[in-house]
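Peer 1:
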Amino acid sequence: MHSQTVAEHWLRHLPADATPSATGALRITVDDELSHERRLSVLQPVDGVGVVALTAAVADELGLVDGGEIDRPALEAALAGAALRLHGADHLFFFPARAHEPLLQEPVPPHIRRLTEADAEAFAAFEGEASESDLDDAYVELDHWLVFGAFVGDELACAASMYPWAGSTLADLGVLTLPRFRGRGIARQTVRAMSAHALGLGYEPQYRCQLDNLASVALAQSAGLTRLGSWDVVAEHDAEHAE
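Residue numbering for the sequence shown follows UniProt numbering, beginning at 1 and increasing consecutively.
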């Protein structure tokens with residue numbers, strides 16, 4: 001089971017009495033406290049009913065009613081009719097609550113440490129070797145809230161970073177290993193070391209990846225993260241339309 005922090009952020013729209021529908025219908029929840037970028041999202045927990053969370057304005061535009069249900073084909077049709085679309089679902093991974101303390105007690109390997117501005121040269125060399133698509137997908141930046149790296153000799157082989165998620169105490173992480181250093185378990189070690197540090201600061205590590213990114217799914221599982229469910233959100237340019 002995941003922590004209360006995870007449940008309060010991600011499962012707050014899930015009705016206590018909700019049970020999965022035989023048809024896979026999604027429960028509709030209207031919430032006007034949602035931010036502009038999150039004004040329409042779809043959460044499908046591993047265990048439990050899926051939820052469409054949206055503002056009243058978007059609900060009116062789509063013809064949806066708070067507390068009602070809608071199946072996915074009908075939701076897709078409603079979105080298309082309003083010239084809206086979803087960005088594309090991500091897996092949501094977290095450490096089980098019972099894994100927190102062992103992770104905090106785990107020794108950090110000597111080749112892994114926190115990165116700072118003093119590592120700018122090594123990080124620049126790392127970025128110079130990585131492909132543009134890998135950099136975009138991982139979204140690892142030296143100026144993020146928390147950054148860790150793994151070295152092989154003097155070379156930065158793997159970098160991972162975190163930033164607080166949506167004003168919460170969740171910390172969203174990204175990680176990238178250079179191709180020639182892959183297959184050694186370096187990313188797993190780096191994710192665990194950085195996650196332990198985040199937990200020590202009072203933040204809950206969160207790992208997202210696209211549904212078809214099998215390598216990232218395998219990394220999450222090897223690092224000890226378990227899947228909460230999948231989450232999708234209105235695409236950014238469509239969020240502007242829904243204003």
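We put the beta carbon where it would ideally sit given N, CA and C, even for glycine.
Three or more C-beta pairs closer than 8 Å, one from the region 181-192 and one from the region 152-163: is that the case here?
Peer 2: With a cut-off of 8 Å, the region 152-163 and the region 181-192 count as touching, because enough Cβ pairs lie within range.
Peer 1: Drop a sphere of 10 angstroms on the beta-carbon of ALA193, count the other beta-carbons inside from all chains shown, and report buried for 16 or more, exposed for fewer.
Peer 2: Buried, since its Cβ has 16 or more Cβ neighbours within 10 Å.
Peer 1: Along the chain, where does the alpha helix (DSSP H) containing THR226 start, and where does it finish?
Peer 2: That residue, THR226, is in no alpha helix (DSSP H); its beta strand (DSSP E) goes 226-233.
Peer 1: Which residue comes first and which comes last in the alpha helix (DSSP H) that contains ALA218?
Peer 2: 214-222
Peer 1: Starting from MET162 and walking both ways along the beta strand (DSSP E), at which residues does that stretch end?
Peer 2: 155-164
Peer 1: Could you check which residue in VAL30, LEU199 and PHE126 has the C-alpha nearest to that of LEU178?
Peer 2: PHE126
Peer 1: Determine which residues share a DSSP beta bridge with ILE112 and list them.
Peer 2: ALA150
Peer 1: Taking the alpha carbon of PHE151 as the reference point, which residue from PHE94, HIS87 and ALA122 has its own alpha carbon closest?
Peer 2: ALA122
Peer 1: Should PRO15 be labelled buried (16 or more other beta-carbon atoms within 10 Å of its own) or exposed?
Peer 2: exposed
Peer 1: Roughly how many whole angstroms lie between the Cα atoms of GLY229 and TYR207?
Peer 2: 11 Å
Peer 1: Can you give me the start and stop residues for the alpha helix (DSSP H) that SER3 sits inside?
Peer 2: It is not in any alpha helix (DSSP H) - SER3 carries neither H nor E in the DSSP assignment.
Peer 1: Is it true that the CB of VAL30 sits closer than 8 Å to the CB of THR5?
Peer 2: no
Peer 1: Using three-state DSSP, classify THR169 as helix, strand or coil.
Peer 2: coil
Peer 1: Could you tell me the boundaries of the beta strand (DSSP E) in which ALA99 lies?
Peer 2: Here ALA99 belongs to no beta strand (DSSP E), and DSSP marks it neither H nor E.
Peer 1: Going by C-alpha to C-alpha distance, which of ARG85, ALA74 and LEU11 sits closest to GLU37?
Peer 2: ARG85
Peer 1: From which residue to which residue does the alpha helix (DSSP H) around residue 251 run?
Peer 2: What is shown of the chain runs 1 to 243, which leaves residue 251 out entirely.
Peer 1: Contact check, GLY50 vs VAL42 under 8 Å by CB: the rounded distance?
Peer 2: 7 Å
Peer 1: Does the Cβ-Cβ distance between HIS197 and ARG114 come in under 8 Å?
Peer 2: yes
Peer 1: Going by the beta-carbon positions, is the gap between MET1 and PRO96 smaller than 8 Å?
Peer 2: yes
Peer 1: When you compare the CB positions of LEU211 and HIS91, do they come within less than 8 Å of one another, or not?
Peer 2: yes
Peer 1: Can you tell which of ALA223, GLU61 and GLY67 has the C-alpha that lies nearest to the C-alpha of ALA83?
Peer 2: GLU61
Peer 1: In three-state terms, what does DSSP make of ASP66?
Peer 2: coil
Peer 1: Is ALA215 buried or exposed, if buried means 16 or more other CB atoms sit within 10 Å of its CB?
Peer 2: exposed
Peer 1: So what does DSSP say about ALA53, is it helix, strand or coil?
Peer 2: strand
Peer 1: If you drop the 5 nearest sequence neighbours on each side, which residues of the same chain put their C-beta closer than 6 Å to that of VAL52?
Peer 2: Within the same chain, VAL52 has close Cβ partners LEU26, ILE28 and VAL42.
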